[in-house]
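If you read the sequence shown in our numbering, its first letter stands for residue 1431, the second for the next number, and so on. Just below is one structure, and these are the notes that go with it.
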Amino acid sequence: MIYFARWKILTIISLCLLGLAFAAPNFVDRHTAENLPDWLPHKQVSLGLDLQGGSHLLLEVQSDAVIQEHLEAIVDTVRSELRKQRIRYRALGINGGLNGDGSVSVGVAITNLEDHETAYELLRNLEPGTDTEIDESGQLTIELLDQTVQDRRISAIQQSIEIVRRRIDETGVREPTIQRQGDDRILVQLPGVDDPERIKDLLGQTAKMSFHLVDTENSVDDAVAGRVPPGSKLMYSADEVLPSGEPFPYLIKKRVMVSGETLVDAQPSQDGRTGEPVVTFRFDTRGAKKFGDATSKNIGRPFAIVLDGRVISAPVIRDAILGGFGQISGTFSFQSAQDLALLLRAGALPAPLVILEERTVGPGLGADSVAAGKIASIVGLLAVIIFMAATYGLFGLMANVALIMNMFLILAALSALQATLTLPGIAGIVLTIGMAVDANVLVFERIREEVRVGRTAMSAVDAGYSRALKTIIDANVTTLIAAILLYTFGSGPVRGFAVTLAIGIVTSMFTAIMLVRLLAVSWLRSRKPDQLPL
């Protein structure tokens, strides 16, 4: 344990220098750190919501809307299939609502007795994940299986988390926390955001865009009066209003000609003729083909652009649009055009989101937390330094040098990994300060015992490190396992504590076993003392 190979010495010194280099940007302001050359370490520790201030949002995914939408799609498909086969029917629609066990179904009554078997065979395998039954009266039921409902709910949560992340990333928020909480909730923490209104607006829109033909064959007034023809639905304009001040009504076909899911890009722009803000969009290959087919076959008909249940515009198709590019115009400001483009780029949410909880942490409170954490860390560090120096003399000073280096290494690791430092994380650092000298205390006490039994200085140090090493490793590895379990099964503050604790264990093992031993051996070889100042 006394002999140090040259490569070991160079490795220890290199790691210490790298730690100092990666920790250094934290001692200058953020602007200076960001302007450092790329080849130099320039990342600072990312502060969490409780330290930097910001916004906390708890969102609930309305996954029932996904099931409802799926059932409506089945209704449309059933209507289309029965009409193709000229099978007469009535009372086609969704049976009841979503109940507690997730059992939901679509029902239709087949009018003619001779069509019962044909309709059953036609619709039996219409949709995977369903169970189809028909009774003697001709009432046919297509029921979603429980597993199908559950899978669609889980998928809605996962898609929502990904799209929320994309939307927030587009706004430039640094180090947001976006994670699932419970069965149908999403936790969003936005450090540095003290006015969350724009974020709430972006997250409050599902941004489902679709293109439909306007129903010009039936009366809009009849639809407004409640007589909506089958296969069509009544929608209102997002911008246009009637002389009475009410939104302008549109009767559009339910069939989606082109879905917004095939969009690959959307950008804010200006109309070349009017100079007004617009949003330009581009489809993928599949969407471009559908868009081209829809526009080429319906020249002269109004084509409604629908976003979140509102008609943005309904221009008349003048020519076939074959390039896959289009433009949305309306009463946009540049900011609203930019936000709409952001929503379309990020993708549509599969279900609406409802804000259940909202909190704003002021930067002043965060600064107070940082200041309190600094004071706690400094007081703890000074207390440990004084104790070690008073108890173990020169060897205690060596342990103190390693302790200070340990703090730099923790700071460097947090900066390099861009792990978010939270208030519980500071508690983990303070705990690490106390634990960091445990290994040294074990070694020093063991060396004292070896000196008492008559060993020489060099032999006592060698025996002390050799015999204490196994105990040190066992103690730290068990604590590291606990930290890993806390991070794996915990969330929020618990994870912040676990991260700094785990990093602190690794760095303190390095400084206590390697750095202090290097300092002690170097001193012993240079001075060759008869007695140890311990």
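Beta carbons are placed, not taken as given, at the ideal position from N, Cα and C, and that holds for glycine.
- ILE1587 and ILE1540 have their alpha carbons spaced roughly 37 angstroms apart.
- Approximately 13 angstroms separates the beta-carbon atoms of TYR1680 and VAL1746; this is outside 8 angstroms, ruling out the contact.
- Taking a cut-off of 8 angstroms for Cβ pairs, the segment 1502-1518 and the segment 1481-1493 do not touch, as fewer than three such pairs fall below it.
- Within the same chain, and ignoring the five residues on either side of PRO1626 in sequence, the residues whose Cβ sits closer than 8 angstroms to its Cβ are SER1485, LEU1487, LEU1620, GLU1788 and THR1790.
- Contact between PHE1755 and PHE1641 is absent: CB atoms are separated by about 14 angstroms, not below the 8 angstroms threshold.
- Between ALA1696 and PHE1711 the beta-carbon gap is near 4 angstroms, inside 8 angstroms, which marks them as a contact.
- Under the DSSP assignment, ARG1518 falls outside any beta strand (DSSP E); it carries neither an H nor an E label.
- Looking at the DSSP output, GLU1787 sits in a beta bridge with LEU1488.
- Rounded to whole angstroms, the separation of the alpha carbons of ASP1599 and ALA1802 is 31 angstroms.
- Residue pairing from DSSP places ARG1712 in a beta bridge opposite ASP1695 and PHE1755.
- Between ALA1778 and ILE1629, the alpha-carbon positions lie close to 15 angstroms from each other.
- Restricting attention to LYS1720, ILE1785 and LEU1773, the CA atom closest to the CA of GLY1753 is found in LYS1720.
- In the structure shown, the three-state DSSP call for PRO1455 is helix.
- Assignment of ARG1876 by DSSP, reduced to helix, strand and coil, places it in the helix class.
- Here HIS1642 carries a strand assignment [DSSP, helix/strand/coil].
- About 6 angstroms separates the beta carbons of MET1665 and VAL1736, which is inside the 8 angstroms limit, making them a contact pair.
- Assigned with DSSP and collapsed to three states, GLN1768 falls in helix.
- As the crow flies, the alpha-carbon of ARG1876 is around 20 angstroms from that of LYS1958.
- Along the length of the segment 1552-1639, whole alpha helix (DSSP H) runs at least 4 residues long occupy 1576-1601 and 1627-1633, reported in chain order.
- Ranked by Cα distance from ALA1637, the first of ARG1685, PHE1764, SER1956 and GLY1690 is GLY1690.
- The Cβ atoms of LEU1512 and ALA1549 sit closer than 8 angstroms to each other.
- Here the alpha carbon of ILE1859 sits roughly 7 angstroms from the alpha carbon of GLY1934.
- Spanning the alpha carbons of LEU1931 and ALA1435 requires a straight line of approximately 31 angstroms.
- Within the model, the alpha-carbon separation for LEU1643 versus GLN1700 is close to 26 angstroms.
- Across the structure, ALA1912 and LEU1556 are spaced so that their CA atoms are roughly 52 angstroms apart.
- Nearest to THR1601 by alpha-carbon distance, out of ILE1442, ASP1769 and PRO1963, is ASP1769.
- The distance from the Cβ of GLU1490 to that of ARG1615 is about 5 angstroms, consistent with a contact at the 8 angstroms cut-off.
- Contact fails between the segment 1878-1897 and the segment 1852-1866, because fewer than three Cβ pairs, one in each stretch, are under 8 angstroms apart.
- Between the C-alpha atoms of ALA1819 and GLY1884 there is a straight-line separation of about 24 angstroms.
- Per DSSP, the beta bridge partners of SER1662 are LYS1683.
- For the 8 angstroms CB-CB criterion, MET1944 and LEU1774 do not form a contact.
- Residues of the same chain with a CB within less than 7 angstroms of the CB of ALA1857, apart from the 5 flanking positions on each side, are PHE1927 in chain order.
- For ASN1465, the secondary structure class from DSSP, reduced to helix, strand or coil, is coil.
- In this structure, the beta-carbon distance from PHE1713 to VAL1686 does not fall below 8 angstroms.
- With contact defined as three or more Cβ pairs closer than 8 angstroms, the segment 1581-1597 and the segment 1443-1460 are not in contact.
- Counting only runs of 4 or more residues that sit fully inside the segment 1857-1903, the alpha helix (DSSP H) segments are 1868-1882, in chain order.
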